[in-house]
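Engineer: As numbered in UniProt numbering, the sequence shown has no gaps in its residue numbers, which increase by one up to the final residue, 218. Quick reminder that beta carbons are idealized off the backbone N, C-alpha and C, glycines included. Keep in mind that this is a model prediction, so the values were computed, not measured. Attaching a single structure in structure tokens format; questions to follow.
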Amino acid sequence: MDRRTRHRIVSLYDSHLQRCYIRSKLASDPVYAATAALIAGSPLPLLDIGCGIGLLGQYLHAQGHRQPYLGLDHDSRKIAAGRMAVRRAGVDAVMSLQHADVADLPPMHGNVALLDVLHYLPAERQPALLRAAIRHLAPQGCLIIRNVLREPNWRFHATRIEEFFLRVSGWIPGGAQHYPVAGELRAPLENAGLEARIEPLRGWTPFNSYLIVARRRD
1 MDRRTRHRIV SLYDSHLQRC YIRSKLASDP VYAATAALIA GSPLPLLDIG
51 CGIGLLGQYL HAQGHRQPYL GLDHDSRKIA AGRMAVRRAG VDAVMSLQHA
101 DVADLPPMHG NVALLDVLHY LPAERQPALL RAAIRHLAPQ GCLIIRNVLR
151 EPNWRFHATR IEEFFLRVSG WIPGGAQHYP VAGELRAPLE NAGLEARIEP
201 LRGWTPFNSY LIVARRRD
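What follows is the structure, given as structure tokens:
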């Protein structure tokens, strides 16, 4: 994404903290481009579970994605900021944000995104969220997960330090609860009949992030 487009997206938000966050994410985090590539040409809507301030939706629209986008998050402050940005961008016709808990997902089927969400739930709730996401996956849809995986390396420890500051800053109330290993994510997906691919997705960040892409078997 070019600098002018990044600046336009940043300008949609009021908070200085949010603007700094967005500027950094758009410049260094590869998850937005990876998601755009995975759903390019798909006629399906996108359900973004744990959407935060709706940054993925803004990125996709700026990159020419015109299918409906529905973002859900339990943090009402982030949803309010995201809705204001949607109105300012004039994308109300295709982009919507709702305040909702992961246990109360709307009756929508399409592509599904779970970006950096699972580790904020306790271990016992993570499989349930994965199953809920799978239920909202259309037959030709793609489930896109980005998450930190628990591994004995320096990237994982760097991630834990970053998560500590996210918690104490109030950006993520409650903070990380459980970092899964790869098998904890692969098993529920494959048990539901999906083929899953897991690969690193770190970009210029030091974090132990992985991309998990799952589709229904033919």
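Under 8 angstroms between the Cβ atoms of Leu38 and Val213?
Structural biologist: Judged by their CB atoms, Leu38 and Val213 are nearer to each other than the 8 angstroms cut-off.
Engineer: Let me check understanding here. Comparing Cα to Cα, which of Cys142, Gln126 and Asn153 lies closest to Pro188?
Structural biologist: When each option's Cα is compared against that of Pro188, the closest is Gln126.
Engineer: Under DSSP, the beta strand (DSSP E) around His99 begins and ends at which residues?
Structural biologist: Met95 to His99
Engineer: Per DSSP, what are the beta-bridge partners of Asn147 in this structure?
Structural biologist: Residue pairing by DSSP places Asn147 opposite Tyr210 in a beta bridge.
Engineer: Contact defined as beta carbons within less than 8 angstroms: I believe Tyr32 pairs with Leu56. What is the distance between those atoms, to the nearest angstrom?
Structural biologist: 6 angstroms
Engineer: With 16 as the cutoff for other CB atoms within 10 Å, does Val117 come out buried or exposed?
Structural biologist: buried
Engineer: Would Arg83 be called buried (16 or more neighbouring beta carbons within 10 Å of its own) or exposed?
Structural biologist: buried
Engineer: Taking DSSP's pairing of strands, which residues face Arg131 in a bridge?
Structural biologist: Bridge partners of Arg131: none, in fact.
Engineer: Determine the direct distance from the alpha carbon of Leu17 to that of Ala81, and round the result to whole angstroms.
Structural biologist: 12 angstroms
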